[in-house]
Amino acid sequence: MSKKVPDKRGLHELYGENPEKADRIVWGREVDTESRRGFLKKSGLAAMTAALGAAAIPYAAKMPGGLIPAAFAQSDQPFMLEGKDGLTLLNDRPINAETPPHLLDDDVTPAHRMFVRNNGIPPAIKDIDPDNWELRIEGESCTNPQTFSVAELKARFKHYTYQLTVECGGNGRAEYVPSASGNQWTTGAVACPSFTGVRLRDVLEACGIAGDAVYIGYYGADTHVSGDASKSPISRGVPMSKALEDESLIAWAMNGEAIPYLNGYPLRLVCGGWPGSVSGKWLKTIVIRNKVHDGAKMAAPSYSMPKYPVAPGTEVPKSDFVTIESMPVKSLITFPASGLTQSKGEKLVVRGHAWAGDLAVETVEVSIDFGATWQRVELKAPVNRLAWQRWSTVIEFPEIGYYEIWAKATDAQGRSQPMVVPGWNPKGYLNNACHRIAVQIV
Ligand SMILES: Nc1nc2c(c(=O)[nH]1)N[C@H]1C(S)=C(S)[C@@H](COP(=O)(O)O)O[C@H]1N2
Ligand SMILES: [Mo]
Numbered sequence: 001m002s003k004k005v006p007d008k009r010g011l012h013e014l015y016g017e018n019p020e021k022a023d024r025i026v027w028g029r030e031v032d033t034e035s036r037r038g039f040l041k042k043s044g045l046a047a048m049t050a051a052l053g054a055a056a057i058p059y060a061a062k063m064p065g066g067l068i069p070a071a072f073a074q075s076d077q078p079f080m081l082e083g084k085d086g087l088t089l090l091n092d093r094p095i096n097a098e099t100p101p102h103l104l105d106d107d108v109t110p111a112h113r114m115f116v117r118n119n120g121i122p123p124a125i126k127d128i129d130p131d132n133w134e135l136r137i138e139g140e141s142c143t144n145p146q147t148f149s150v151a152e153l154k155a156r157f158k159h160y161t162y163q164l165t166v167e168c169g170g171n172g173r174a175e176y177v178p179s180a181s182g183n184q185w186t187t188g189a190v191a192c193p194s195f196t197g198v199r200l201r202d203v204l205e206a207c208g209i210a211g212d213a214v215y216i217g218y219y220g221a222d223t224h225v226s227g228d229a230s231k232s233p234i235s236r237g238v239p240m241s242k243a244l245e246d247e248s249l250i251a252w253a254m255n256g257e258a259i260p261y262l263n264g265y266p267l268r269l270v271c272g273g274w275p276g277s278v279s280g281k282w283l284k285t286i287v288i289r290n291k292v293h294d295g296a297k298m299a300a301p302s303y304s305m306p307k308y309p310v311a312p313g314t315e316v317p318k319s320d321f322v323t324i325e326s327m328p329v330k331s332l333i334t335f336p337a338s339g340l341t342q343s344k345g346e347k348l349v350v351r352g353h354a355w356a357g358d359l360a361v362e363t364v365e366v367s368i369d370f371g372a373t374w375q376r377v378e379l380k381a382p383v384n385r386l387a388w389q390r391w392s393t394v395i396e397f398p399e400i401g402y403y404e405i406w407a408k409a410t411d412a413q414g415r416s417q418p419m420v421v422p423g424w425n426p427k428g429y430l431n432n433a434c435h436r437i438a439v440q441i442v
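When we follow UniProt numbering, the leftmost residue of the sequence shown carries the number 1, and every step to the right adds one.
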């Protein structure tokens, strides 16, 4: 695959020499993510028409704001997020983009390969000043509320680095039938970078955890898509037991560098192994609560599952949902990319990652006969708790023809990935079906 280099020249054509605007636009191409006016603004029409290779866009005035021209969506040069080359864009307002499986092959996910799941509009880059960024710890179960600058956090508390798996609760949603509303993630809303920061526990303890504390909640600096400043796009949290774990971090670095803008720069919460939605980005406030946090997207059906299995399409009463906690066991085949053709007699190296929420992965197996037989692969221990685990194997194919490689992980409690899409649920969460790739032997 050719490396796609984001190109800002197009943006400057579109926005004139308005660097503030051009710089906060994260598209590699000319999409206006900031306003619903879309990219067919007066200044941009000529550039857009040229980018489409068209003589004109006769109905330009009727084009809905934010619409991605089908010509681009179908091209093999899809839209790119700046700094996120190769990711597939699922939504442009808010921005959501996933990573194709073969681009997740690194042991530690590089910054430019980490998916983006935004519920709202991130703070403008120009408004983020890491030197003046403040984190407030408060809440009815906080006995000594305090405000910290990033420098104070760094100076007062011990630093820790952990590789942590962050997977969106909706990863795999695209496969549910009937379809569930929301981003149609296939397999790419997962990543496992290395995060550096301070322990959430150390900071909470310094601010006094009252005896009646049961939950923490976060607030970030992003704003609601409606523009209504009184609304938070998302404000979730975790029970105290998860908040106080060694690996729960308030992080300022990812892979030794500043956290990418779209992934929460300059400060984010990371609680690995749970739905990514608990890992608050652009972190401004943490509240210690004496009840289950009641921020935006805490209530059912958000990030919740029916308490009992339901038939596809069932309407489930809100009272019958439970909040998702640890994510289920899952794996990915990250090498080779699906669609490989190779000659008979050649051995094929196959590898990927496996993870299991709060648990470790016990075994990974692969099948080349549609699940009839399985062979165990080599599986490494995680570098730390809540990090995904590398697996690899070598496969030989008996004769020419079409094969699929399936991968199946089993967690430390004996639970395995299903080979078909698991229980349908109204919001399409927790699809941990086996990942499959296609191989042709010629
Ligand atoms: N402030 C804030 N934090 C947030 C979100 C958000 O929209 N705003 N999205 C959450 C969700 S649903 C997920 S899956 C993860 C995604 O993290 P990433 O975008 O860095 O991959 O961030 C979580 N934290
Ligand atoms: Mo998510």
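Virtual Cβ for every residue (Gly too), placed ideally from N, Cα, C.
Where residue i falls: helix, strand or coil (DSSP)
| i | result |
| --- | --- |
| N263 | helix |
| E34 | The predicted model places E34 with a pLDDT of 35, which falls under 50 and marks its position as unreliable, so this point remains unresolved. |
| H112 | helix |
| residue 443 | Because residue 443 is not part of the residues shown, which for the chain are 1 to 442, the question remains open. |
| K344 | coil |
| I441 | strand |
| R24 | Note that R24 has pLDDT 36, beneath the 50 cutoff, so the model's placement of it is unreliable and no number is given. |
| R201 | helix |
| L332 | strand |
| V292 | coil |
| M298 | coil |
| G401 | strand |
| K284 | strand |
| V364 | strand |
| D411 | strand |
| P123 | coil |
| K318 | helix |
| L386 | coil |
| T49 | helix |
| M254 | strand |
| P275 | strand |
| N431 | coil |
| R29 | For R29, the pLDDT reaches just 32, beneath the cut-off of 50, and the residue's location in the model is therefore unreliable, leaving the point undetermined. |
| H224 | coil |
| P94 | coil |
Closest by C-alpha distance to residue i, when choosing among the options
| i | options | result |
| --- | --- | --- |
| W282 | N118, G86, L153, M114 | N118 |
| residue 494 | A311, A433, A381, L340 | One cannot answer for residue 494 here, as it falls past the ends of the chain, which runs 1 to 442. |
| A243 | P178, E325, N183 | E325 |
| Q440 | P398, P418, G86, A407 | P398 |
| S367 | I333, L45, M305, P382 | I333 |
| P130 | T314, A412, A51, G264 | G264 |
| R235 | E134, S392, H293, Q342 | One detail in the question is off: residue 235 reads as Ser in this sequence, not Arg. Of E134, S392, H293, Q342, the residue nearest in Cα terms is H293. |
| A221 | Y402, S194, I125 | I125 |
| T196 | V270, F148, Y261 | V270 |
| E209 | A47, I288, Q375 | Strictly speaking, residue 209 in this sequence is Ile, with Glu absent from that position. Ranking the options by Cα distance to I209, first place goes to I288. |
| K291 | C142, A50, P123, M114 | C142 |
| A438 | A206, V225, L348, K427 | L348 |
| G188 | V442, P422, S149, L90 | L90 |
| G237 | V108, E365, G217, Q389 | G217 |
| D320 | E175, P328, K344, P306 | P306 |
| Q342 | P266, S304, I395, A213 | I395 |
| D246 | G227, Y160, G172, W274 | Y160 |
| N384 | W406, Q375, D107, Y403 | D107 |
| E315 | F148, N171, A180 | A180 |
CB of residue i within 9 Å of CB of residue j, strictly
| i | j | result |
| --- | --- | --- |
| A409 | K297 | no |
| G83 | H102 | no |
| residue 466 | W355 | With the chain represented from 1 up to 442, any question about residue 466 goes unanswered, as that position is not in the structure. |
| P145 | R156 | no |
| residue 444 | R351 | Missing from the structure shown is residue 444; the chain here goes from 1 to 442 and no further. |
| T285 | Y219 | yes |
| N432 | Q413 | no |
| W391 | H435 | no |
| G272 | T99 | no |
| P426 | P301 | yes |
| P239 | Y215 | yes |
| H224 | I121 | yes |
| A360 | A381 | yes |
| M80 | M254 | no |
| G182 | G357 | no |
| V442 | I400 | yes |
Beta-carbon separation (whole angstroms), residue i vs residue j, contact threshold 8 Å
| i | j | result |
| --- | --- | --- |
| C168 | G276 | 5 Å |
| Y162 | L249 | 7 Å |
| L430 | P317 | So it is not a contact: roughly 19 Å between Cβ atoms. |
| P266 | V420 | Not quite, the Cβ-Cβ distance comes to about 42 Å (not below 8 Å), so this is no contact. |
| L87 | A97 | 4 Å |
Exercise. Quick one, what's near ligand 2 if you take every residue whose CB is closer than 7 Å to any heavy atom, in chain order?
Worked result: A distance filter of 7 Å between CB atoms and the heavy atoms of ligand 2 selects the following residues in sequence order: R117, C168, G169, G170, A189, P275, G276, S277.
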